[in-house]
Amino acid sequence: MTVSETAVYFRISRASIWRLLRSGDLKKIRIGGRTLVRRIDADAFLAKCVEAAS
């Protein structure tokens with residue numbers, strides 16, 4: 086997913102996604118100069134957040 090698609094998926098701003106990517110909390114891949122987030126990595130991050138909240 087692109088950064089914009091990830092922001093929509095998480096329902097947060099693109100700036101927040103970039104913050105998560107820079108901190109290393111959310112994994113990214115680079116393909117052809119584009120920064121992408123794999124769906125499996127996005128889901129793993131969300132699961133980690135849910136686990137921490139409960």
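The numbering of the sequence shown is my numbering, which starts it at 86 and goes up by one. We treat Cβ as the ideally placed atom computed from N, Cα and C, and that holds for glycine.
Per DSSP, reduced to three states, the secondary structure at Ile-114 is strand. Under the three-state reduction of DSSP, Arg-123 is assigned to coil, being neither helix nor strand. Distance from Met-86 to Leu-121 at the Cβ level is roughly 6 Å; contact confirmed, criterion being Cβ atoms closer than 8 Å. Burial check for Ala-129: the Cβ neighbour count within 10 Å stays below 16, so the residue is exposed. Counting other Cβ atoms within 10 Å of its Cβ, Ala-127 reaches 16 or more and is therefore classed as buried.
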